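Visitor: In my numbering, the protein residues as written are 21 to 586.
Set out below in structure tokens:
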């Protein structure tokens with residue numbers, strides 16, 4: 021499908037500087053608890069951050085990381101890094117300490133900004149493994165060699181009085197090129213090894229412009245920013261698109277306060293993940309079971325979104341059509357979208373044209389085709405990432421041999437009226453309803469690195485959390501039975517509290533090194549070994565995931581029933 025043109029807009033940083041002048045006194049971002057920045061104040065704070073970087077010896081093209089929840093320091097530091105010609109790297113706040121160190125080492129970060137004492141502890145625990153890390157800036161907590169957030173900005177304000185530093189900032193702006201790498205967004209990929217997807221300044225501009233055109237956003241629109249800025253969707257849609265459009269937003273640090281924030285701020289745009297809409301649908305269904313009237317249902321909608329909602333969008337994973345249709349019946353049209361970190365603006369429904377049986381129509385700048393094996397391919401364009409940092413082989417493997425088309429790893433088709441329909445996943449990734457994508461293979465390998473679990477298969481596509489099928493290690497179970505003089509077959513041993521406790525400890529050992537979304541929250545223990553003859557293993561002894569899921573999925577589904585999050 022031939023791409024429609026991407027609208028011409030100023031570059032992100034040019035637009036940001038212009039807003040500080042033309043809309044300097046207009047509120048750009050605020051929090052539920054009273055913190056507020058105008059466009060001029062945001063610009064000044066980011067410029068101070070940039071000046072502190074330059075004065076601190078961080079040079080053009082080096083990497084600066086942010087490990088924090090959504091709060092104003094995130095966009096201040098992020099844009100500040102761009103102003104200094106430095107690459108901004110987001111680290112998921114849910115990352116385990118070992119994952120934080122792995123990402124910081126991979127990107128060779130010179131500086132990291134953290135918000136809480138907990139996040140600071142993750143960095144300090146292995147600081148000696150990060151020789152390139154010369155600066156740690158923390159909003160909370162103290163330690164030798166750690167600079168407070170306020171002191172860092174104050175040092176930047178002082179540095180701006182230095183002609184050399186001020187000149188370096190002007191030089192960074194003058195030397196900035198469209199193909200400069202601006203940000204790195206980490207994606208686990210199918211192997212679980214972190215990969216830093218490099219996104220250029222032009223990709224930021226083009227993606228923001230494509231989104232603005234798709235949704236018809238204007239400076240009068242407002243939004244909430246509550247998904248992690250380290251996530252590709254929030255970084256692109258909730259930060260850079262907002263700058264290009266000139267939209268104000270409320271930044272939500274604690275997700276438990278989301279609905280309070282929505283009622284208080286009353287955004288016109290709500291961009292969420294499927295799980296948030298599922299919760300609203302659940303609330304409506306509970307009310308409907310009590311035979312409430314239309315006014316009561318409208319009150320429930322206002323209680324979640326406020327009274328000015330114009331556009332609701334969902335991405336990160338598929339929103340179940342039954343949920344989308346139920347919300348539409350209650351006056352909430354949720355526009356589904358599809359994209360990837362490597363090319364975020366793939367397909368989107370439109371406010372004036374939408375449905376529930378596809379992921380929408382290609383966005384401006386995106387051209388699609390379907391490979392002979394059914395995989396969705398995306399033509400390389402300004403919307404496409406520049407490659408994985410330090411991984412040339414992985415970068416080459418992401419594209420067709422001629423380098424012109426990006427592999428998505430998803431199977432699909434182009435429907436009669438041009439919508440993209442995704443029919444399955446070629447990549448072995450699990451997309452939770454929270455938008456988090458989980459690489460199952462490394463976790464499954466860790467689970468079976470012991471005596472008590474012989475095979476493991478993660479489950480949770482489109483669900484709230486990860487569950488797992490675990491096959492009991494027969495030798496360990498039988499050895500335990502002999503040692504304790506216990507009789508019974510393997511199915512009876514499955515029921516023994518002592519054996520289940522041993523398996524539970526194995527799971528907890530693995531969970532300790534995983535982020536919260538990756539952790540196995542529920543599991544089911546099986547006794548009979550999977551086999552080729554039984555159709556559970558391939559001839560090379562790999563689990564047939566689809567067949568196993570069809571066989572046991574209805575049992576695992578019982579873990580997800582009920583409206584309460586586990």
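Built from N, CA and C at the ideal position, the CB exists for glycine as well.
Just so we're clear, the structure is a prediction, and the values are computed from it rather than from any experiment.
#1: Alpha carbon to alpha carbon, what distance is there between residue 503 and residue 493?
#2: If you run the structure through DSSP and keep just helix, strand and coil, what is residue 523?
#3: Sort out for me which residues DSSP pairs residue 457 with in a bridge.
#4: Helix, strand or coil: which one does DSSP assign to residue 575?
#5: Which stretch, first to last residue, makes up the beta strand (DSSP E) that contains residue 242?
#6: Is it buried or exposed for residue 34, if we count other Cβ within 10 angstroms and need 16 for buried?
#7: So residue 601 and residue 453 are in contact, right, with Cβ under 8 angstroms, and what is the actual spacing, rounded?
#8: Once DSSP output is grouped into helix, strand and coil, what is the label at residue 475?
#9: Once DSSP output is grouped into helix, strand and coil, what is the label at residue 562?
#10: Among 422, 201, 509, 225, which residue has its Cα nearest to the Cα of residue 9?
#11: What is the C-beta distance between residue 258 and residue 268, in whole angstroms, given that I count them as a contact (C-beta under 8 angstroms)?
#12: For residue 210, does the three-state DSSP call read helix, strand or coil?
#13: DSSP three-state label for residue 512, please.
#14: Using the Cα positions of residue 588 and residue 445, report the straight-line distance between them to the nearest angstrom.
#15: Which stretch, first to last residue, makes up the alpha helix (DSSP H) that contains residue 175?
#16: Would you grab the beta carbon distance between residue 426 and residue 418 for me? Rounded to a whole angstrom, and I think it's under 8 angstroms.
#17: My understanding is that residue 87 touches residue 132, with C-beta atoms under 8 angstroms, so please give their C-beta distance in whole angstroms.
#18: Do you know offhand how far residue 26's Cα is from residue 441's?
#19: Would you mind giving the Cβ-Cβ distance between residue 402 and residue 385, rounded to the nearest angstrom? I have them listed as a contact below 8 angstroms.
#20: Using DSSP's beta-bridge definition, name the partner residues of residue 215.
#21: Between which two residues does the alpha helix (DSSP H) harbouring residue 264 extend?
#22: Looking only at its own chain, which residues have a Cβ that is under 7 angstroms from the Cβ of residue 94, when we skip the five neighbours before and after it?
#23: Alpha carbons only, please: which of 434, 392, 215 is nearest the one belonging to residue 412?
#24: In angstroms, rounded to a whole number, what distance separates the CA positions of residue 38 and residue 141?
#25: Go through its chain and collect everything with a Cβ distance to residue 210's Cβ below 8 angstroms, but skip five positions before and after it.
#26: What does a CB cutoff of less than 6 angstroms around residue 222 pick up in its chain, not counting 5 residues either side in sequence?
#27: Would the region 117-134 count as touching the region 278-286 if we require 3 or more Cβ pairs under 8 angstroms?
#28: Quick one: Cα of residue 575 to Cα of residue 339, how far?
#29: With a threshold of 6 angstroms on Cβ separation, who are the neighbours of residue 373 within its own chain once the five nearest residues in sequence on each side are excluded?
#30: Could you name the residues of the same chain whose beta carbon sits closer than 7 angstroms to that of residue 36, not counting the 5 residues immediately before and after it, in chain order?
#31: Are the region 187-194 and the region 390-401 touching by the rule of at least three beta carbon pairs closer than 8 angstroms?
#32: Quick check: the region 328-348 against the region 364-383, are there 3 or more CB pairs under 8 angstroms?
#33: Indicate whether residue 266 and residue 371 have their beta-carbon atoms separated by less than 9 angstroms.
#34: Taking all protein chains shown into account, decide if residue 22 is buried (16 or more other Cβ within 10 angstroms of its Cβ) or exposed.
#35: CB residue 335 to CB residue 196, shorter than 9 angstroms?
#36: Taking residue 406 as the reference, give the member of 205, 42, 48, 478 with the closest Cα.
Guide: So, from the data block:
#1: 16 angstroms
#2: In the three-state reduction of the DSSP assignment, residue 523 falls in the helix class, which pools H, G and I.
#3: In the DSSP output, where bridge partners are listed per residue, residue 457 has 451.
#4: helix
#5: Per DSSP, residue 242 belongs to the beta strand (DSSP E) from 242-245.
#6: The residue in question, residue 34, is exposed, as its Cβ has fewer than 16 Cβ neighbours within 10 Å.
#7: Look at the range of the chain in this structure, 21 to 586, and you will see that residue 601 is not part of it.
#8: In the three-state reduction of the DSSP assignment, residue 475 falls in the strand class.
#9: coil
#10: It is not possible to answer for residue 9, since the shown part of the chain is limited to 21 through 586.
#11: No, residue 258 and residue 268 are not in contact; Cβ-Cβ is about 12 angstroms, not under 8 angstroms.
#12: Low per-residue confidence applies at residue 210: pLDDT is 45, beneath 50, and the placement is therefore not dependable, though the value from the model is reported in the following sentence. The answer is coil: DSSP assigns residue 210 none of H, G, I, E or B.
#13: DSSP, reduced to helix, strand and coil, places residue 512 within a helical segment of the structure shown.
#14: Residue 588 lies beyond the residue range present for the chain, which begins at 21 and ends at 586; the question has no answer from this structure.
#15: Its alpha helix (DSSP H) spans residues 169-179.
#16: 6 angstroms
#17: 6 angstroms
#18: 23 angstroms
#19: 6 angstroms
#20: 207
#21: 261-265
#22: Sequence-distant partners of residue 94 (beyond 5 residues in either direction) whose C-beta falls short of 7 angstroms from its own C-beta, in its chain, are 86, 88, 249.
#23: 215
#24: 38 angstroms
#25: At residue 210, the pLDDT of 45 sits below 50, so the modelled position is not reliable; the number obtained from the coordinates is stated separately. Result list for residue 210: 429, 447, 448, 449, 459, 461, in chain order.
#26: 198, 402
#27: no
#28: 22 angstroms
#29: none
#30: Taken in chain order, the residues that qualify are 63, 99, 263.
#31: Contact fails between the region 187-194 and the region 390-401, because fewer than three Cβ pairs, one in each stretch, are under 8 angstroms apart.
#32: Yes: the two stretches touch, three or more of their Cβ pairs being nearer than 8 angstroms.
#33: The beta carbons of residue 266 and residue 371 sit no closer together than 9 angstroms.
#34: exposed
#35: no
#36: 205
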